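In this note's numbering, the protein residues as written are 642 to 885. Using N, Cα and C, we set each Cβ at its ideal position, and we do this for glycine too. Note that the structure is predicted; figures quoted are calculated from it, not measured. Report on the following structure.
This is the structure we're talking about:
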């Protein structure tokens, strides 16, 4: 159910509340016919998300200062607040599908919730729900590697080799099956990323061409977890380019 908000309550009900949950503000007026059409659509979208989004209504005739502050030049107008700021909007009597898309973007999908849970069972369900998502496949493969299920991990990421992290895991498994880089991957499993990278770069010396390509992919896959501007990532990319 939408809450009615006025200038006196806007700070608490919208700005502060939006720091913990997205708040969708419906700027409307009693005389506005399209508003009477849009508001029930907004209310249904909010109800369907069971408290994960809050809907607030602002009567622009009674709260002209708010309308001016947020640049409302015509109604209906919808503004989305998150962390105290406007992060999205709709203008006019938009179709219901557009309203649903707006609300969907504010609420984590079931697959996102499962990915955040992080356990292998949840990740497997997430991969079934969204099989095209490489980030889920990578998380699932890593969970399987933790229990030494290399073939199952490979099955999770092989369809996603266009993703650097996924390709890196594929390369890791294929190298390990050939007895290459085993010490590096053991270090990685202990959380010693830099040791693992150093060991992989050392493996390049004298390796066959196909192995060198797999080592390159493994290194790039590890660096994919770092910000491109990270000095560690820059240094290892430089060293990799030199070694190749």
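Beta carbon of residue i nearer than 9 Å to that of residue j
i           : j           : result
residue 690 : residue 756 : no
residue 696 : residue 703 : no
residue 865 : residue 803 : no
residue 822 : residue 844 : yes
residue 791 : residue 781 : no
residue 648 : residue 731 : no
residue 862 : residue 807 : yes
residue 816 : residue 859 : yes
residue 749 : residue 778 : no
residue 813 : residue 805 : no
residue 745 : residue 699 : no
residue 681 : residue 717 : no
residue 884 : residue 850 : no
residue 711 : residue 694 : no
residue 742 : residue 678 : no
residue 881 : residue 842 : yes
residue 873 : residue 835 : yes
residue 784 : residue 754 : no
residue 840 : residue 828 : yes
Residue i - partner residues in DSSP beta bridges
i           : result
residue 729 : 721
residue 664 : 695 and 722
residue 645 : 698
residue 672 : Paired residues: none, contrary to the question.
Assigned exposure category for residue i - 16 Cβ within 10 Å defines buried
i           : result
residue 644 : exposed
residue 830 : exposed
residue 838 : buried
residue 855 : buried
residue 787 : exposed
residue 654 : buried
residue 719 : buried
residue 752 : buried
residue 879 : exposed
residue 672 : exposed
residue 740 : buried
residue 709 : exposed
residue 857 : buried
Opening and closing residue of the alpha helix (DSSP H) in which residue i lies
i           : result
residue 841 : 834-844
residue 776 : 775-787
residue 761 : 761-770
residue 851 : 850-864
residue 737 : 737-745
residue 795 : 791-798
residue 880 : 872-884
residue 705 : 705-710
residue 811 : 805-818
residue 802 : Segment: none, residue 802 is in no alpha helix (DSSP H) and carries neither H nor E.
residue 758 : 751-758
residue 653 : Run containing residue 653: none; DSSP gives neither H nor E here.
residue 824 : 823-830
Endpoints, beta strand (DSSP E) assigned at residue i
i           : result
residue 697 : 695-700
| query | Does the region 658-677 come within contact of the region 720-737, defined as at least 3 CB pairs closer than 8 Å? | reply | By the Cβ criterion, the region 658-677 is in contact with the region 720-737, since at least three pairs of Cβ atoms, one from each stretch, lie closer than 8 Å.
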